[in-house]
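Taking it in order: structure first as structure tokens, then the write-up.
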Ligand code: FES
Ligand code: FES
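Chains as they are written, first to last, in the numbering used here: chain A, 51 to 310; chain B, 371 to 528.
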């Protein structure tokens, strides 16, 4: 039998978490599990105090974990991330789904997290401890404790690229998501839905560092772009298909800002 | 497990119910309150048939934990018509044959009401975006998009 516990603060809610608990923020992941009879948990934990604040700080942008995709779209400070939030769900989902929840979204979701990985974000725990998003993702399956916020270092808008490949428009589930920060000498390239969590394509990153963004300059990166990825078969696409089309989408992202 | 008392505003009326732990808003609306207008198609956030407005913004009632709406305002299709007078959106849907089986209609109406309340003269693209989270297996969408645009022309934001 399911129970719901509501705590005044996130810190108190964090204390109450056990292996059999799920923290409910926007509900899009947890309620879905409830509706489908997920027996992996029997307690829903929530907090009355929700941090939805999005603000620019000295190091960059801080987004409260409770901020929804609609909050991101309404924030001028988060303009860089509008292309990402706008491609998630429909309007109703964007009013519910949170940035904190997206960090735990399984495939084929998690587009926002893929972007955060390319942006080298930090995940801030309730205790104030920060973890680079890449380490957070590699330990995500065993993660304990709640998330308070994410911080995103300053990146110039022209350096950030995002693409979500879907079979239907305007709203469809991602076959794959690609996000890139093309800072010279420090390229970060992340793929979503191309492994158990969003992953960096490090071989392609190396090939792109200091490369010119033209057909010749990116050829090597396209060649090696799936080397560090582990795409799976799912009802949307096979692993083979994903590997085949990844260079096509990456090329569009690099040369054409993601447009066909 | 004890039930939790819950009060909220539903289409201008006050509602007080006891809800089971973990109950979704659509369950409470349909079974607890008897408002059968929101439809449950998928219960996983894919179809949008369960769309209701919470404080004026579209939400999926199948994925909303009922207790999170304490003290808030919920609008469903049941509150659209004013007595015998249909809402301009309902009229446009009827006149444009925008409902066939009708299962998606309630969600479409609420998603488009949310749009017209904020954007009284939307472009076609804005309409498509506004209903992009709502699936329709019957109409092919065009009659729905046309109806929303025609309702907008007739002052659909009401
Ligand atoms: S029933 Fe809620 S989205 Fe399908
Ligand atoms: S009218 Fe049948 S699903 Fe839309």
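Glycine included, C-beta positions come from ideal geometry on N, C-alpha and C.
From the options, residue whose alpha carbon lies closest to that of residue i
i	options	result
residue 391 of chain B	A:65, A:80, A:62, A:51	A:51
residue 145 of chain A	B:384, B:372, B:425, B:386	B:425
residue 207 of chain A	A:93, A:132, A:78	A:132
residue 394 of chain B	B:384, B:381, B:421	B:421
residue 407 of chain B	B:414, B:415, B:423, B:416	B:423
residue 405 of chain B	B:467, B:466, B:447	B:447
residue 501 of chain B	B:462, B:436, B:482	B:482
residue 458 of chain B	B:508, B:516, B:493, B:473	B:516
residue 195 of chain A	A:72, A:306, A:53	A:72
Min CB distance residue i to chain C below 8 Å
i	result
residue 413 of chain B	Among the protein chains of the structure shown, namely A and B, there is no chain C.
Element boundaries [beta strand (DSSP E), containing residue i]
i	result
residue 159 of chain A	That residue, residue 159 of chain A, is in no beta strand (DSSP E); it is neither H nor E in DSSP.
residue 57 of chain A	53 to 57
residue 182 of chain A	180 to 182
Rounded straight-line distance, which links the Cα of residue j to that of residue i
i	j	result
residue 111 of chain A	residue 119 of chain A	15 Å
residue 212 of chain A	residue 124 of chain A	19 Å
residue 127 of chain A	residue 106 of chain A	6 Å
residue 193 of chain A	residue 186 of chain A	8 Å
residue 518 of chain B	residue 239 of chain A	41 Å
residue 498 of chain B	residue 177 of chain A	43 Å
residue 75 of chain A	residue 96 of chain A	7 Å
residue 164 of chain A	residue 429 of chain B	24 Å
residue 268 of chain A	residue 294 of chain A	17 Å
residue 61 of chain A	residue 141 of chain A	30 Å
residue 182 of chain A	residue 247 of chain A	14 Å
Endpoints, alpha helix (DSSP H) assigned at residue i
i	result
residue 523 of chain B	512 to 523
residue 226 of chain A	Where residue 226 of chain A is concerned, there is no enclosing alpha helix (DSSP H), although the beta strand (DSSP E) it sits in stretches over 224 to 233.
residue 483 of chain B	475 to 488
residue 270 of chain A	265 to 274
residue 64 of chain A	60 to 66
Cβ-Cβ distance between residue i and residue j below 8 Å
i	j	result
residue 143 of chain A	residue 113 of chain A	no
residue 250 of chain A	residue 184 of chain A	yes
residue 139 of chain A	residue 221 of chain A	yes
residue 242 of chain A	residue 227 of chain A	yes
residue 486 of chain B	residue 522 of chain B	yes
Close-in-space but distant-in-sequence residues of the same chain around residue i (CB under 6 Å, 5 per side omitted)
i	result
residue 117 of chain A	102, 104, 149
residue 503 of chain B	418
residue 477 of chain B	418, 419, 421, 504
residue 174 of chain A	180, 198, 199
Near ligand 4: residue i beta-carbon under 7 Å from a heavy atom
i	result
residue 436 of chain B	As far as ligands go, the structure on display features ligand 1 and ligand 2 and does not contain ligand 4.
Cutoff 7 Å; reference residue i; Cβ partners in own chain excluding five residues on either side
i	result
residue 223 of chain A	158, 216, 286
residue 387 of chain B	376, 398, 402, 403
residue 204 of chain A	110
residue 121 of chain A	102, 104
Own chain partners of residue i with C-beta closer than 8 Å, once the 5 adjacent residues on each side are dropped
i	result
residue 453 of chain B	none
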